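The UniProt record's numbering puts the last residue of the sequence shown at 255; the count rises by one with no breaks. First the structure, in the form of structure tokens, and then the observations on it.
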Amino acid sequence: MENRISVTTPEFVNLEFETAGVGSRALALLLDWLILSTAGLLLLIPASLFMGLSEIVGNPFWSSLIIAVFFFLFLFLPLAYYVLTEYFMNGQTIGKKVMGLRVISDQGTAPGFLAVFLRNLLRMVDNLPLLYLVGMTAVMIHSREKRLGDLAAGTLVVSLRGQPMPQIRFLYANGEPLFASRELSPVTEQQWMTLDRYLHRREWMTPAARQTLAAKLVIVLFPDMKIEPGKEEFYLETAYIQLGPYQEHPYFMQL
């Protein structure tokens, strides 16, 4: 059964998501475990080689040091994997990406490093007593299907596999551009996603709500531009067209 929730972003955009249930999260976790197991086996190769060399040398100090180093690597490999992938892959591990899942904050934005670190640090608690029994129980009883790590970090896992968004229907910006792209202030990826979602979903809003939200978005996303009252949607459409795909445009900045 789908569990759909609504969140309000810092830009006052209401977004609807489908939370990820136990089944899809378990499959994503299994894929990540397979990756971690493979990485662990690969680590055994240099570990065995170094141990063999240390025995040939016959120095107990080097043997102890090598054991300590590889023990540390094996111990922290899972935490490093989950933290680095979720942070640098925009809320996804490889397993989550395959399963179409993503970690977001309670405000619908990409989680920060501290939130990602905290939710993954608490995996050891969610994993108790074994096979994520505590975590799965929490997911099943929580209204937003959160495990303990999500509760502590203020995050949730959502499914990206739903009906595709409708195509954007441009209402105003079909003629001459309102301004050149060089006039735009730099925007972050999250701000670009907010603009994209607004233009996709605005036709579901009342005219008054659309106008109010458009005015707020112009102030938040492009504070340096002076816009004639009533032309905010025209401006947002033009900005969207001028910026083009996020990854290809120089007027975006990284968080």
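Cβ atoms here follow ideal geometry from the backbone N, Cα and C, with glycine treated the same way. Model, not experiment: these values are computed from the prediction.
What three-state label does DSSP hand residue i in the structure shown?
i: Phe222; result: coil
i: Ile227; result: coil
i: Leu131; result: coil
i: Leu255; result: With a pLDDT of only 34 at Leu255, under 50, the local geometry of the prediction cannot be trusted, and the value read off the model is given with reservation. The answer is coil: DSSP assigns Leu255 none of H, G, I, E or B.
i: Arg102; result: strand
i: Gln163; result: In this predicted model, Gln163 has a pLDDT of only 46, less than 50, meaning its place in the structure is not dependable; the value taken from the coordinates is given anyway. Residue state, collapsed to three classes: coil.
i: Thr9; result: coil
i: Leu171; result: coil
i: Glu237; result: helix
i: Thr212; result: helix
i: Leu243; result: helix
i: Leu156; result: strand
i: Glu16; result: strand
i: Arg25; result: helix
i: residue 277; result: This structure leaves residue 277 out entirely; the chain is present only between 1 and 255.
i: Pro250; result: Because Pro250 carries a pLDDT of 41, less than 50, the predicted location of this residue cannot be relied on, and the following value inherits that uncertainty. Coil, per DSSP.
Go ahead and label residue i buried or exposed: buried means 16 or more other beta carbons lie within 10 angstroms of its beta carbon, across all protein chains shown.
i: Trp192; result: buried
i: Leu236; result: buried
i: Thr38; result: exposed
i: Gly230; result: exposed
i: Arg202; result: buried
i: Leu29; result: buried
i: Val83; result: buried
i: Gly23; result: exposed
i: Lys96; result: buried
i: Leu213; result: buried
Taking the C-alpha atoms as reference points, what is the distance between residue i and residue j?
i: Ser105; j: Asp150; result: 9 Å
i: Ile5; j: Ala20; result: 11 Å
i: Asp32; j: Phe61; result: 35 Å
i: Leu217; j: Ala209; result: 12 Å
i: Leu243; j: Thr188; result: 12 Å
i: Leu195; j: Tyr240; result: 7 Å
i: Arg123; j: Leu36; result: 15 Å
i: Ala81; j: Gly154; result: Looking at the sequence provided, one finds Tyr at residue 81 rather than Ala. In a straight line, the C-alpha of Tyr81 is about 20 Å away from that of Gly154.
i: Gln163; j: Met51; result: With a pLDDT of 46 at Gln163, under the threshold of 50, the predicted position of this residue should be treated as unreliable, and no value is reported.
i: Thr206; j: Thr109; result: 24 Å
i: Ser54; j: Ser48; result: 10 Å
i: Gly58; j: Ile94; result: 42 Å
i: Glu86; j: Arg169; result: 33 Å
i: Thr9; j: Gln107; result: 5 Å
i: Val7; j: Ile45; result: 47 Å
i: Pro111; j: Ile56; result: 49 Å
i: Ala68; j: Leu75; result: 10 Å
i: Gly40; j: Pro186; result: 42 Å
i: Tyr198; j: Phe222; result: 15 Å
i: Leu15; j: Leu34; result: 33 Å
i: Gly135; j: Ser143; result: 14 Å
i: Thr238; j: Leu171; result: 10 Å
i: Met89; j: Val125; result: 24 Å
i: Asp224; j: Phe234; result: 16 Å
i: Trp204; j: Lys226; result: 27 Å
i: Phe72; j: Phe113; result: 22 Å
Nearest to residue i by alpha carbon, out of the options?
i: Leu133; options: Ala26, Asn3, Thr8; result: Ala26
i: Leu160; options: Thr8, Phe17, Thr9; result: Phe17
i: Glu145; options: Val103, Ser64, Asn90; result: Val103
i: Leu42; options: Val83, Phe70, Thr85; result: Phe70
i: Gly91; options: Met140, Gln190, Leu75, Thr238; result: Gln190
i: Phe117; options: Met140, Ala152, Leu34; result: Ala152
i: Glu2; options: His200, Pro223, Met140, Leu213; result: Met140
Sorry if obvious, but does the Cβ on residue i come closer than 7 Å to a heavy atom of the ligand NAD?
i: Val57; result: As presented, the structure is devoid of all ligands, the ligand NAD included, so that no description of it is given.
Assuming the contact rule is C-beta atoms closer than 8 Å, residue i and residue j should be a hit. Round their C-beta distance to whole Å, please.
i: Leu79; j: Asn120; result: 6 Å
i: Ala138; j: Leu148; result: 5 Å
i: Glu232; j: Gln211; result: 7 Å
i: Leu65; j: Val157; result: 40 Å between Cβ atoms; not a contact.
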